[in-house]
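Numbering (the numbering used here), first residue to last: 1 to 291. We put the beta carbon where it would ideally sit given N, CA and C, even for glycine.
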C-alpha cells in the first residue's frame with residue numbers, strides 16, 4: 001500500500017486503492033483454508049503471505065497436527081519475517097502465550113483471554129506505547145473447546161474504508177493523537193504502565209495502516225469530541241453487525257490465523273473434562289510484508 005492513498009487530501013489515490021482493496025476482499029470471501037505440509041512448502045508459505053497482504057489475515061491448516069509446539073510456531077513465524085516477539089505480561093518464558101482457562105491460583109485469572117468469557121473486538125497491544133506497536137500475530141489452535149469459542153476477524157483496512165466512506169471526518173477524528181486513552185494498569189500493586197494516549201489509525205510510511213482499537217467500555221477513555229464518539233459508535237455497529245466484512249471461524253486442532261494484527265474477537269466457550277481449549281498466541285512487532 002502507498003501511504004498517500006490514506007491521505008485525506010489525495011482522493012484519487014484513495015479511490016484507486018479502495019477499488020483494488022474491495023476487489024481483493026470480495027475474492028477472498030470464498031477462500032478456504034490454505035494447507036501447508038511443513039516449513040519447506042514454499043508455495044504454501046507464499047500463498048499465505050499473498051493472502052495476508054491482500055486481506056490482512058490468512059487461515060491455515062496443518063497436515064501434521066501432532067507435531068505442533070510453541071517452538072514450531074516460532075519457526076513458522078520466521079518464514080514470514082516475524083522475529084521480534086512481544087514478551088507481554090502473561091506470556092510464557094519463550095514469549096508465546098498459552099491461552100487457556102487459568103486456575104484460581106494464577107495471576108492470569110483476572111484477564112479475559114485466560115477465561116471462557118467472550119472477548120470483545122480489539123487489535124492486539126492496543127495498550128502498548130507507540131514505539132511498541134503490535135504489527136502481527138499468530139493464533140494457533142492446539143485444542144478446541146467442547147462448545148463455542150468461534151473467532152471473528154476483520155481487516156482493519158476494510159474498517160478504514162467503511163468509516164471514510166461514511167464520513168471522512170471520522171478518519172480525521174480517529175487519527176488524533178489523543179483519540180483513545182488507556183488509564184494506568186496496576187497488577188499486584190505494581191504499575192505495569194501509566195496513561196497511554198494515541199490514535200486509532202496511524203499511517204506508517206513503510207508498513208501502511210496501523211489500527212489500535214478495543215470495544216471494551218471499562219478502562220477506556222475516548223476523546224470528548226462529538227465526531228470521535230460518533231465514529232466509535234459507527235465502528236462498533238459495523239463490527240457487531242457481523243456482515244460481509246467479518247469472517248467467523250471455529251478453529252480445529254492444527255488450524256490457525258496469521259495476521260497483520262487484524263481486528264478480532266472471541267465468543268464464549270465451554271470446556272469438558274476431556275476437551276480443554278488451548279491456543280498458542282505469538283505477538284510480533286514486525287509485519288508480514290510482500291516479497
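{"query": "Mind checking which residues open and close the alpha helix (DSSP H) that includes residue 77?", "result": "70-78"}
{"query": "In whole angstroms, what separates the C-alpha of residue 153 from that of residue 218?", "result": "22 angstroms"}
{"query": "Going by C-alpha distance, which of 201, 25, 268 and 266 is nearest residue 8?", "result": "201"}
{"query": "From the DSSP output, in three-state form, read off residue 151 for me.", "result": "strand"}
{"query": "Name, in chain order, the residues that DSSP records as bridge partners for residue 246.", "result": "In the DSSP output, where bridge partners are listed per residue, residue 246 has none listed."}
{"query": "Specify whether the region 130-147 and the region 74-86 touch according to this definition: at least 3 beta carbon pairs, one from each stretch, less than 8 angstroms apart.", "result": "yes"}
{"query": "Return helix, strand or coil for residue 56, following the three-state DSSP convention.", "result": "coil"}
{"query": "Please list the terminal residues of the continuous beta strand (DSSP E) segment that includes residue 259.", "result": "255-259"}
{"query": "Taking contact to mean at least 3 C-beta pairs separated by less than 8 angstroms, is the region 82-102 in contact with the region 156-166?", "result": "no"}
{"query": "Between residue 196 and residue 127, what straight-line distance do the alpha-carbon atoms span, to the nearest angstrom?", "result": "7 angstroms"}
{"query": "Taking DSSP as the reference, what is the three-state secondary structure of residue 287?", "result": "coil"}
{"query": "Determine whether the beta carbon atoms of residue 281 and residue 99 lie at a separation below 7 angstroms.", "result": "yes"}
{"query": "So, under 8 angstroms CB-CB, residue 58 and residue 286 are touching, yes? Tell me the CB distance rounded to an integer number of Å.", "result": "Incorrect: roughly 16 angstroms between the Cβ atoms, too far for contact."}
{"query": "When you compare each of 65, 41, 43 and 274 to residue 256 by their alpha carbons, which one comes out closest?", "result": "65"}
{"query": "Near residue 250, which residues of its chain fall below 6 angstroms by C-beta distance, leaving aside the five closest residues on each side in sequence?", "result": "150"}
{"query": "Please report the distance separating the alpha-carbon of residue 295 from that of residue 254.", "result": "No answer is possible for residue 295: the residues shown for the chain start at 1 and end at 291."}
{"query": "For the beta strand (DSSP E) containing residue 237, name the first residue and the last one.", "result": "Not the beta strand (DSSP E): residue 237 falls in the alpha helix (DSSP H), residues 226-241."}
{"query": "Check for me: the beta strand (DSSP E) holding residue 12 runs from which residue to which?", "result": "Element bounds for residue 12: not the beta strand (DSSP E) but the alpha helix (DSSP H), 11-28."}
{"query": "What residue range is occupied by the uninterrupted beta strand (DSSP E) comprising residue 136?", "result": "136-143"}
{"query": "What are the start and end residues of the alpha helix (DSSP H) that includes residue 165?", "result": "156-166"}
{"query": "As a quick exercise: from 215, 34 and 71, pick the residue whose alpha carbon is nearest that of residue 326.", "result": "Residue 326 lies beyond the residue range present for the chain, which begins at 1 and ends at 291; the question has no answer from this structure."}
{"query": "Pick helix, strand or coil for residue 198, following the three-state DSSP scheme.", "result": "strand"}
{"query": "Which of the three DSSP states is assigned to residue 208 in this structure?", "result": "strand"}
{"query": "Count the other CB atoms within 10 Å of the CB of residue 121; is the residue buried (16 or more) or exposed (fewer)?", "result": "buried"}
{"query": "Could you name the residues of the same chain whose beta carbon sits closer than 7 angstroms to that of residue 24, not counting the 5 residues immediately before and after it, in chain order?", "result": "54 and 55"}
{"query": "Do you know whose CA, among 171, 239, 199 and 220, lies nearest residue 227's CA?", "result": "171"}
{"query": "For residue 264 and residue 12, I'd like the C-alpha separation in whole angstroms.", "result": "30 angstroms"}
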